[in-house]
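Q:
2 protein chains.
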Amino acid sequence: MWNMKQLEYGALARRANQIKKELRQGVRRPYKEVIDVFQGDLHRAGMKPLTFVRQVLAACVYPPLINSSNLPLDVRQRAQEELGRCVGGSVGSYSAAPGIPEIIHSISEFIKRRDGGIPSHPENIYISPGSQWSISNILNVLVNREASPRTGVLIPVPCHNKTVLSITQLGAVAVPYYLSEEQGWALQVEELQRAHESAKGVCNPVALYVINPGNPAGYVQSQKSVLEVIRFAWEKRLFLLVDELYQDCVYGENCEFVSYKRALSEMGPPFSGTVELASFHSVSKGFSGECGLRAGYVELVNLDPAVMKHIHTLFSKDACSPVLGQIALNLMTDPPKPGDPSYLLYKQEIEQIRTVLVHSVKKVHEVVNSLPGFSCPPIEGGLFAFPRLHLTPKAIQKAKELGLQPDTFYCTRLLEEGGVFTGPGWEYGQKEGTYHIRYNTSRALFKVHH
Amino acid sequence: MWNMKQLEYGALARRANQIKKELRQGVRRPYKEVIDVFQGDLHRAGMKPLTFVRQVLAACVYPPLINSSNLPLDVRQRAQEELGRCVGGSVGSYSAAPGIPEIIHSISEFIKRRDGGIPSHPENIYISPGSQWSISNILNVLVNREASPRTGVLIPVPCHNKTVLSITQLGAVAVPYYLSEEQGWALQVEELQRAHESAKGVCNPVALYVINPGNPAGYVQSQKSVLEVIRFAWEKRLFLLVDELYQDCVYGENCEFVSYKRALSEMGPPFSGTVELASFHSVSKGFSGECGLRAGYVELVNLDPAVMKHIHTLFSKDACSPVLGQIALNLMTDPPKPGDPSYLLYKQEIEQIRTVLVHSVKKVHEVVNSLPGFSCPPIEGGLFAFPRLHLTPKAIQKAKELGLQPDTFYCTRLLEEGGVFTGPGWEYGQKEGTYHIRYNTSRALFKVHH
Ligand SMILES: Cc1ncc(COP(=O)(O)O)c(C=O)c1O
Ligand SMILES: Cc1ncc(COP(=O)(O)O)c(C=O)c1O
Chain A
872 MWNMKQLEYG ALARRANQIK KELRQGVRRP YKEVIDVFQG DLHRAGMKPL TFVRQVLAAC
932 VYPPLINSSN LPLDVRQRAQ EELGRCVGGS VGSYSAAPGI PEIIHSISEF IKRRDGGIPS
992 HPENIYISPG SQWSISNILN VLVNREASPR TGVLIPVPCH NKTVLSITQL GAVAVPYYLS
1052 EEQGWALQVE ELQRAHESAK GVCNPVALYV INPGNPAGYV QSQKSVLEVI RFAWEKRLFL
1112 LVDELYQDCV YGENCEFVSY KRALSEMGPP FSGTVELASF HSVSKGFSGE CGLRAGYVEL
1172 VNLDPAVMKH IHTLFSKDAC SPVLGQIALN LMTDPPKPGD PSYLLYKQEI EQIRTVLVHS
1232 VKKVHEVVNS LPGFSCPPIE GGLFAFPRLH LTPKAIQKAK ELGLQPDTFY CTRLLEEGGV
1292 FTGPGWEYGQ KEGTYHIRYN TSRALFKVHH
Chain B
872 MWNMKQLEYG ALARRANQIK KELRQGVRRP YKEVIDVFQG DLHRAGMKPL TFVRQVLAAC
932 VYPPLINSSN LPLDVRQRAQ EELGRCVGGS VGSYSAAPGI PEIIHSISEF IKRRDGGIPS
992 HPENIYISPG SQWSISNILN VLVNREASPR TGVLIPVPCH NKTVLSITQL GAVAVPYYLS
1052 EEQGWALQVE ELQRAHESAK GVCNPVALYV INPGNPAGYV QSQKSVLEVI RFAWEKRLFL
1112 LVDELYQDCV YGENCEFVSY KRALSEMGPP FSGTVELASF HSVSKGFSGE CGLRAGYVEL
1172 VNLDPAVMKH IHTLFSKDAC SPVLGQIALN LMTDPPKPGD PSYLLYKQEI EQIRTVLVHS
1232 VKKVHEVVNS LPGFSCPPIE GGLFAFPRLH LTPKAIQKAK ELGLQPDTFY CTRLLEEGGV
1292 FTGPGWEYGQ KEGTYHIRYN TSRALFKVHH
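In order, the protein sequences belong to chains A and B. Just so you know, the first sequence maps onto residues 872 to 1321 in the numbering used here. Just so you know, the second sequence maps onto residues 872 to 1321 in the numbering used here.
Right, dumping it as structure tokens:
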């Protein structure tokens, strides 16, 4: 029998894998399959990759395909173009450390279009093997390990947990600011103030980490909220780390993604020229969902040239990012255009993914709120639901007896009895005395659609 | 006119790019093309990628190719198998952080075969986005930034310069041990002793970095030499970091690659159970030459479980390595077998690359030694020549007047006047008063062969 006491961080995943294995070996359980809604991977959830992206990448990998009449003409031309940018015409050569220059240029053009014409400078953009890697590296630059008091970084609660891990591993202090669940997980400046005050005597806050749209809570910040945060960062001289990976995943009515870069620029002086900003994006999220290719980028704004030099060295020291991931980034930021042979299919696939995601989010929200003991504010963006569990005192007591966090106890039962693999709220942070679970909203519906 | 005084680290590369651009724009020079022998990239040097590797990767990227009768059957089967190991059947999903379990298992089998049956344990193997990344990460674990005196790492001179960069960036001290140029760049234990002694009062040496076969100097260590180094590491309680990326690139007569793992195992107690070892390998070097895919692995031996836990966390914090790189690692360590449809072509391509490399090395050695002012011991392995420049006092004087290192001055002239782009020896380290240049031995000949 599975000993519940053994459960800790990561143990749920191991247990889920064990159950999957047992099911394959014919062990009988009340379900035939484990539904894995723990991860945010779209391909894991059953989404098909975008045809255009995969065709171009395949032709780059195996250039004889460029001559194949089975592939659309624009795919073949694009592959040729991408290979022309690779040293020696091969995706097997190292590129320049910050990324292939033409691709960095194309990313800057994408940012400019997205931000209504506000310029973006290629020399401020670095490609990395996944955005998590650049988040870690920028944190590395911001954190002074020898400082006393220690360096502090303000983080939202709940928060994407890999970033919290990076902060604590660097010896810095993660200072929590709580998002307001009652207000649909809104980010409130008074709470930022409180968090900043709370750091006094504990650490020296130098940066503010924001996730917009959110993970695990599915909020989308309004323009007003973005402006407030920037003003706060300016007042307190905080470096803004903005994780904008889910910028394409916005579903809420009256919701719109507003980039920090644009908002900052439009604020004008003194803000626009002083607030230091790092904005992260990636091929992992949005509609390409190519987590396994490992490519993200960071755009840096208003950084001191000396710091930029240091960042350049850090981003160069392990050579370059995977070249195929870089090409995927280019395809994401410079997709087929109307009139191109691949355009219609591309558009159709994107629309279908969007439809599934919007539909999933609605459905999940409905179902969750109809269950006794659950509540969940509207999910406006991102890929996750983070509903609250209203556990009975008896369930909490039982969990404590087992030496478990109450939400871990709940997730374990959901896995053991229902075959559904979710994440317990404490892994992402939550207000004391509240309990949540996190799960990927898209999984169930992709499975139905294919 | 190009101002020679502006030259510093990286400036030669910028100048080479500028000249390339000018040549494209029609500027006349005594040469039509810049010959770039600075980098160690085989694809950049004109080597064609291995067909089998690229076909399998293409079919993994774009699975409809699995049904294409244009690809050999084993390629299609292999692609299917590799995709079966990917979560959700897509190279676009995250894998487990240390790597895809079946691929790690297959790497351990490869190591076992290579080492005459000595077991290799999958839980000691981690895949990373290039081996440079794991070298940096293991160094990160070994270096105590707060220690006084500072942490020391013994490094060969000349040395692969990215590793030196990592050491100094971590705040550690790189303690040089000089390879004996007179003895074909042999690694001598007396010199290790001297280097270790020299650290007294400066830093606390905790690790010894060895590159075998060498880069930039093309030596291959004998078994005797490997055993001596292990014994020295044991005596001084040094962690052995062994960079074995060029294990397939051995050309010298009577030369054989001996892995540190095997030598250590065969030494028996007390060595075999105590000396801590990290051995690095990569898809970048050897015959696949897939630098741009970014995949390497490290095998760890005799590490304390607490340290292994820490390493696990470090290797997990930025999610996984590029999945296509992982698959390429698997193809490198588990290539087509006799009887497989792709076997003959694969073998033929490998043989051809080997022939070109062996031929290049001989040629380069001959030519270099026939030039006045140059000398170079036999090149036994690796991808580089590191000949010595016997500069005249006048040339040295002239360089000094320009504020340049004498070898930089030479490389600059070689680039400006001859169109050949090489690296100055001081970037890799050299005995004071000696001057060298580094260059990739393979480039000229691949160009001729295609
Ligand atoms: C908010 C957030 N930031 C960063 C990442 C890292 O993504 P990647 O490293 O794949 O680009 C993720 C991945 O799930 C995420 O959800
Ligand atoms: C000796 C040595 N070690 C490590 C590396 C890093 O290789 P990669 O990170 O591509 O695996 C190189 C690359 O040139 C090298 O020459």
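C-beta: ideal position from N, C-alpha, C; glycine also.
#1: Which residues of the region 925–950 of chain A have a Cβ closer than 7 angstroms to any Cβ of chain B? Give them in chain order.
#2: Could you tell me whether any Cβ in chain B is nearer than 8 angstroms to the Cβ of glutamine 1223 (chain A)?
#3: Indicate whether at least one CB of chain B lies closer than 8 angstroms to the CB of glycine 1196 (chain A).
#4: Would you call the region 1003–1013 of chain A and the region 981–992 of chain A touching, i.e. three or more CB-CB distances under 8 angstroms?
#5: For a contact defined as C-beta to C-beta under 7 angstroms, what are the partners of histidine 914 (chain B) on chain A?
#6: May I ask whether a heavy atom of ligand 1 can be found less than 7 angstroms away from the beta carbon of aspartate 1189 (chain A)?
#7: Enumerate in chain order the residues of its own chain whose CB-to-CB distance from isoleucine 890 (chain B) is below 6 angstroms, with the five nearest sequence positions on each side excluded.
#8: Does serine 1231 (chain A) have its Cβ less than 8 angstroms from a Cβ in chain B?
#9: Taking alanine 1177 (chain A) as the query, report the chain B residues whose CB atoms sit under 7 angstroms from its CB, ordered along the chain.
#10: Taking a Cβ distance cut-off of 7 angstroms, strictly less, list which residues of the region 1099–1125 of chain B are near chain A, in chain order.
#11: Comparing the CB of isoleucine 1082 (chain B) with every heavy atom of ligand 2, is any distance shorter than 7 angstroms?
#12: Who does proline 1295 (chain B) pair with in a DSSP beta bridge?
#13: From the DSSP output, which residues share a beta bridge with aspartate 1114 (chain A)?
#14: Kindly confirm or deny that the region 1071–1088 of chain B and the region 1242–1255 of chain B touch, where touching means at least three C-beta pairs closer than 8 angstroms.
#15: Measuring straight from C-alpha to C-alpha, what distance separates alanine 968 (chain A) and proline 1209 (chain A)?
#16: Indicate whether valine 1169 (chain B) and alanine 1149 (chain B) have their beta-carbon atoms separated by less than 8 angstroms.
#17: At the level of alpha carbons, what is the spacing between tryptophan 873 (chain A) and isoleucine 998 (chain A)?
#18: In the structure shown, what three-state DSSP assignment does alanine 1177 (chain B) receive?
#19: Per the DSSP calculation, arginine 1021 (chain B) is bridged to which residue(s)?
#20: Return the residues of the region 1137–1167 of chain A that lie within a Cβ-Cβ distance of less than 7 angstroms from chain B, sorted by chain order.
#21: Answer yes or no: do leucine 1185 (chain B) and glutamate 1147 (chain B) have a C-beta to C-beta separation smaller than 8 angstroms?
#22: On a Cα-Cα basis, can you pick out the residue from B:Asp1119, B:Gly1167 and B:Ser1136 that is closest to valine 1229 (chain B)?
#23: Where threonine 1039 (chain B) and glycine 1023 (chain B) are concerned, what is the direct C-alpha to C-alpha distance, given to the nearest angstrom?
#24: Quick one: which chain A residues come within Cβ less than 7 angstroms of tryptophan 1004 (chain B)?
#25: Got a sec: is the Cβ-Cβ distance from proline 1000 (chain B) to anything in chain A below 8 angstroms?
#26: Tell me whether glycine 1253 (chain A), by its Cβ, gets closer than 7 angstroms to a heavy atom of ligand 2.
#27: Compare the C-beta of glycine 1290 (chain B) against all C-beta atoms of chain A and say whether one is closer than 8 angstroms.
#28: Interface residues of chain B around proline 920 (chain A) at Cβ under 7 angstroms?
#29: When you compare the CB of lysine 1132 (chain A) with every CB in chain B, is at least one pair closer than 8 angstroms?
#30: Sort out for me which residues DSSP pairs aspartate 907 (chain B) with in a bridge.
#31: Within the 8 angstroms Cβ cut-off, does serine 1093 (chain B) reach chain A?
#32: Under 8 angstroms: do the region 1225–1241 of chain B and the region 937–945 of chain B share three or more Cβ pairs, one atom per stretch?
#33: Out of curiosity, what's the CA-to-CA distance linking alanine 1266 (chain A) and proline 1277 (chain A)?
#34: At a cut-off of 7 angstroms, is glutamine 1003 (chain A) close to ligand 1 when judged by its beta-carbon and the heavy atoms of the ligand?
#35: With 8 angstroms as the threshold, decide whether the Cβ of arginine 1021 (chain B) is near any Cβ in chain A.
#36: Helix, strand or coil: how does DSSP classify valine 1047 (chain A) here?
A: Let me lay it out:
#1: Arg925, Gln926, Leu928, Ala929, Val932, Tyr933 and Leu936
#2: Here residue 1223 (chain A) corresponds to residue number 352 of the first sequence, with the count starting at 1. Cβ-Cβ to chain B under 8 angstroms: no for glutamine 1223 (chain A).
#3: Your numbering for residue 1196 (chain A) matches position 325 in the first sequence. Yes, glycine 1196 (chain A) lies at the interface with chain B (some Cβ there is under 8 angstroms from its Cβ).
#4: Taking 8 angstroms as the limit for Cβ pairs, the verdict is that the region 981–992 of chain A does not touch the region 1003–1013 of chain A.
#5: Here residue 914 (chain B) is taken as the residue at index 43 of the second sequence, counted from 1. Gly959, Ser961, Gly963 and Ser964, listed in chain order.
#6: As a position in the first sequence, residue 1189 (chain A) is number 318, starting the count at 1. With a cut-off of 7 angstroms, the C-beta of aspartate 1189 (chain A) is classified as distant from ligand 1, since no heavy atom of the ligand falls inside that distance.
#7: Locating residue 890 (chain B) in the second sequence gives position 19, counting from the first residue. Same-chain partners within the cutoff: Val905.
#8: Stepping through the first sequence from its first residue, residue 1231 (chain A) is reached at position 360. It does not; no Cβ of chain B falls within 8 angstroms.
#9: Locating residue 1177 (chain A) in the first sequence gives position 306, where the first residue counts as 1. Near alanine 1177 (chain A) there are no residues of chain B at all, since even the closest Cβ is about 15 angstroms away, more than 7 angstroms.
#10: none
#11: Along the second sequence, read from residue 1 onward, the residue named residue 1082 (chain B) stands at position 211. Answer for isoleucine 1082 (chain B): yes, Cβ within range of ligand 2.
#12: Your numbering for residue 1295 (chain B) matches position 424 in the second sequence. Beta-bridge pairing links proline 1295 (chain B) to B:Ile1308.
#13: On the first sequence, residue 1114 (chain A) is found 243 positions in, with the first residue counted as 1. Per DSSP, A:Ile1082 and A:Phe1151.
#14: The region 1071–1088 of chain B makes contact with the region 1242–1255 of chain B, as at least three CB pairs between them are under 8 angstroms.
#15: For the purposes of this step, residue 968 (chain A) is identified with residue 97 of the first sequence, where counting begins at 1. For the purposes of this step, residue 1209 (chain A) is identified with residue 338 of the first sequence, where counting begins at 1. Cα to Cα, alanine 968 (chain A) sits roughly 33 angstroms from proline 1209 (chain A).
#16: Here residue 1169 (chain B) corresponds to residue number 298 of the second sequence, with the count starting at 1. Here residue 1149 (chain B) corresponds to residue number 278 of the second sequence, with the count starting at 1. Contact: yes.
#17: For the purposes of this step, residue 873 (chain A) is taken as residue 2 along the first sequence, with counting starting at 1. For the purposes of this step, residue 998 (chain A) is taken as residue 127 along the first sequence, with counting starting at 1. Confidence at tryptophan 873 (chain A) is low in this model, with a pLDDT of 37, below 50, so its placement is unreliable and no value can be given for it.
#18: Walking along the second sequence from the start, residue 1177 (chain B) turns up at place 306. Looking at alanine 1177 (chain B) - three-state DSSP - the assignment turns out to be helix.
#19: For the purposes of this step, residue 1021 (chain B) is identified with residue 150 of the second sequence, where counting begins at 1. Arginine 1021 (chain B) pairs with B:Cys1074.
#20: Gly1160, Glu1161, Cys1162, Gly1163, Leu1164 and Arg1165
#21: Translated into the one-based positions of the second sequence, residue 1185 (chain B) becomes position 314. Translated into the one-based positions of the second sequence, residue 1147 (chain B) becomes position 276. Going by C-beta atoms, leucine 1185 (chain B) is not nearer than 8 angstroms to glutamate 1147 (chain B).
#22: Position 358 of the second sequence holds residue 1229 (chain B). Ranking the options by Cα distance to valine 1229 (chain B), first place goes to B:Asp1119.
#23: One-based indexing of the second sequence puts residue 1039 (chain B) at position 168. One-based indexing of the second sequence puts residue 1023 (chain B) at position 152. Going by the C-alpha atoms only, they are around 10 angstroms apart.
#24: Position 133 of the second sequence, counted from the start, is the residue given in the question as residue 1004 (chain B). Ordered by position in chain A, the residues that pass the 7 angstroms Cβ test against tryptophan 1004 (chain B) are Asp1189.
#25: In the second sequence, the residue the question calls residue 1000 (chain B) occupies position 129. Yes, because at least one Cβ of chain A sits closer than 8 angstroms to the Cβ of proline 1000 (chain B).
#26: Working through the first sequence from its first residue, we reach residue 1253 (chain A) at position 382. Answer for glycine 1253 (chain A): no, Cβ out of range of ligand 2.
#27: On the second sequence, residue 1290 (chain B) is found 419 positions in, with the first residue counted as 1. No, glycine 1290 (chain B) does not count as interfacial toward chain A.
#28: Sequence index remark: in the first sequence, residue 920 (chain A) carries index 49 (1-based). Contact of proline 920 (chain A) with chain B by beta-carbon distance below 7 angstroms involves Ser961 and Gly963.
#29: Taking the first residue of the first sequence as position 1, residue 1132 (chain A) is located at position 261. Taking 8 angstroms as the threshold, the shortest C-beta distance from lysine 1132 (chain A) to chain B does not fall below it.
#30: Looking up residue 907 (chain B) in the second sequence gives position 36. Looking at the DSSP assignment, aspartate 907 (chain B) forms a beta bridge with B:Phe1292.
#31: As a working mapping, residue 1093 (chain B) is identified with position 222 in the second sequence. No - not a single Cβ of chain A is within 8 angstroms of the one on serine 1093 (chain B).
#32: no
#33: Translated into positions along the first sequence, residue 1266 (chain A) becomes position 395. Translated into positions along the first sequence, residue 1277 (chain A) becomes position 406. Spanning the two alpha carbons is a distance of roughly 7 angstroms.
#34: The residue you call residue 1003 (chain A) lines up with position 132 of the first sequence. Indeed, a heavy atom of ligand 1 lies less than 7 angstroms from the Cβ.
#35: Your numbering for residue 1021 (chain B) matches position 150 in the second sequence. Judged by the 8 angstroms Cβ criterion, arginine 1021 (chain B) is not in contact with chain A.
#36: Numbered from its first residue, the first sequence carries residue 1047 (chain A) at position 176. Sequence check: residue 1047 (chain A) is proline here, not valine. Correct three-state label for proline 1047 (chain A): strand.
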